[in-house]
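So the sequence shown is numbered by my numbering: it starts at 59 and just counts up by one. Virtual Cβ for every residue (Gly too), placed ideally from N, Cα, C. All values derive from a computational prediction rather than experimental measurement. Structure, as structure tokens:
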Amino acid sequence: MSTNRDFTSPDKSFDYNEELPADKAQTWALLETYSKIPPSQIETHLKDIRQKAWNVFPYGCIGRWLFLDCVITSLPEYPTIIERVKSGDILLDAGCAFGYVLRQMVTDGAPVTNLIGVDLRQEFLDLGYELFQDKGFEARFIAGDLVNADPSLAGIAGTVDIIHAAALFHLFGWDDQVEIGARFVELLKPQANALIVGRQIADLEPLDPVEHLRQGRGWYRHNLRTWQMLWDVVGKKTGTRWKVTGVVSERRGLNDVPGPKAGMSFAVYKV
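Shown next as structure tokens:
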């Protein structure tokens, strides 16, 4: 699989912010109440973990502190998701990095035994225990590849009800996104009331996918129209049907992203 320079460059001048973001209340609250880290130590602790993660792989979301943005709690579907997980549904956080989302969900009442996290890099999963000071955290974590066939994911195939995928699809081109979508279908229960939610970089006026492929472009960023097109392709490939909802809005802080600066929150429902 491949990613692009805006997310993987080791050049700190490109995508590395030295100072913590101003909006950090949610992260501070979790680290104080869940991890029991004294407030005076949190900033140093976060900078230490962030540097270790950057040394593993310099994703833009690491350099720009975006891993501190617990996207799922701001989605309109979140209260329903929490209730479903409390009732026994299984949630998978795809591309979970340090597992922030899963710790927040446990704090909000989700049973830890109903939570799974998958990330390509085992080092990030290990750093999650260090970040949150919880070596005994019992959510299931798997180091696995969501693009290519990976036997490490075979054990959870057909067991998942809900998938959270934030800052994941926009790392890849159209064809790899189709493969990720098909992998999600494999992981979801065949008869589940399946739901996929998340947020990602968007494009207000994306190229037609055929033209994008013809030009040999790398990653593909969507609006709601092309996002539905993608899930129509996934559906045809897997014999399923999907309906996309969501909001695309202009965003600040994306000056290093070519094209219109936008973000998209989304929900994808199996129909």
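Cβ pair residue i, residue j closer than 7 Å
i: Gln333; j: Met322; result: The question about residue 333 has no answer here: the residues shown for the chain are numbered 59 through 329.
i: Val291; j: Leu246; result: no
i: Ala215; j: Gly256; result: no
i: Glu196; j: Val170; result: yes
i: Thr85; j: Leu124; result: no
i: Leu253; j: Ile220; result: yes
i: Val329; j: Arg299; result: yes
i: Ala260; j: Ala207; result: no
Option in the options with minimal Cα separation from residue i
i: Gly202; options: Lys193, Phe242, Thr91; result: Phe242
i: Gly293; options: Glu263, Asp127, Val326; result: Val326
i: Leu262; options: Arg272, Pro248, Ser307, Lys94; result: Ser307
i: His228; options: Val143, Trp285, Lys295, Asp127; result: Trp285
i: Gly167; options: Ile221, Thr131, Pro267, Ser210; result: Thr131
i: Arg272; options: Gly231, Ala80, Gly297; result: Gly231
i: Arg179; options: Thr296, Ala260, Ile200; result: Ile200
i: Ile238; options: Gln249, Ile95, His222, Ala250; result: His222
Backbone CA spacing between residue i and residue j [nearest angstrom]
i: Lys301; j: Gly118; result: 30 Å
i: Thr303; j: Leu150; result: 20 Å
i: Glu76; j: Ala212; result: 40 Å
i: Tyr74; j: Pro116; result: 9 Å
i: Thr102; j: Glu90; result: 14 Å
i: Leu204; j: Ile148; result: 18 Å
i: Ala240; j: Arg122; result: 30 Å
i: Leu88; j: Gly146; result: 24 Å
i: Gly153; j: Leu226; result: 6 Å
i: Glu269; j: Val305; result: 24 Å
i: Glu181; j: Val143; result: 27 Å
i: Leu104; j: Ser93; result: 12 Å
i: Asp233; j: Ile100; result: 41 Å
i: Ile95; j: Gln249; result: 42 Å
i: Leu78; j: Lys193; result: 25 Å
i: Thr61; j: Leu265; result: Model confidence at Thr61 stands at a pLDDT of 39, short of 50, so the residue's coordinates are unreliable; what they give is reported in the following sentence. Distance between the alpha carbons of Thr61 and Leu265: 19 Å.
i: Asp64; j: Ala83; result: Since pLDDT at Asp64 reaches only 40, below the 50 mark, its modelled position is unreliable, and the value read off the structure follows with that caveat. Rounded to the nearest angstrom, the two C-alpha atoms are 27 Å apart.
i: Lys295; j: Pro97; result: 50 Å
i: Ile120; j: Val114; result: 10 Å
i: Cys128; j: Gly297; result: 32 Å
i: Gln162; j: Pro209; result: 29 Å
i: Glu244; j: Leu183; result: 23 Å
i: Met287; j: Gly274; result: 19 Å
i: Asn251; j: Pro267; result: 29 Å
i: Trp289; j: Asp81; result: 33 Å
i: Leu133; j: Phe324; result: 8 Å
i: Arg330; j: Arg198; result: Nothing about residue 330 can be read from this structure; the chain reaches only from 59 to 329.
- [ ] List in chain order: all unbroken beta strand (DSSP E) runs of 3+ residues lying wholly within the segment 183–215.
- [x] Runs of the beta strand (DSSP E) inside the segment 183–215: 198–201.
TODO: Decide if the segment 275–291 is in contact with the segment 174–191; the criterion is three or more beta carbon pairs, one per stretch, under 8 Å apart.
DONE: Result no; under three Cβ-Cβ pairs closer than 8 Å.
Task: Inter-stretch contact at 8 Å, needing at least 3 Cβ pairs: the segment 189–197 / the segment 156–169 - done: Three or more beta-carbon pairs drawn from the segment 189–197 and the segment 156–169 are found closer than 8 Å, and the two stretches are therefore classed as touching.
Task: Inter-stretch contact (C-beta, 8 Å, three-pair minimum) for the segment 132–147 and the segment 109–119 - done: By the criterion of at least three beta-carbon pairs nearer than 8 Å, the segment 132–147 is not in contact with the segment 109–119.
- [ ] Starting from the N-terminal side, write out each stretch of the alpha helix (DSSP H) that is 4 residues or longer and does not extend beyond the segment 126–154.
- [x] Counting only runs of 4 or more, we get 136–144.
Task: Complete runs of the beta strand (DSSP E) confined to the segment 224–305 [at least 3 residues] - done: Correct list: 253–260.
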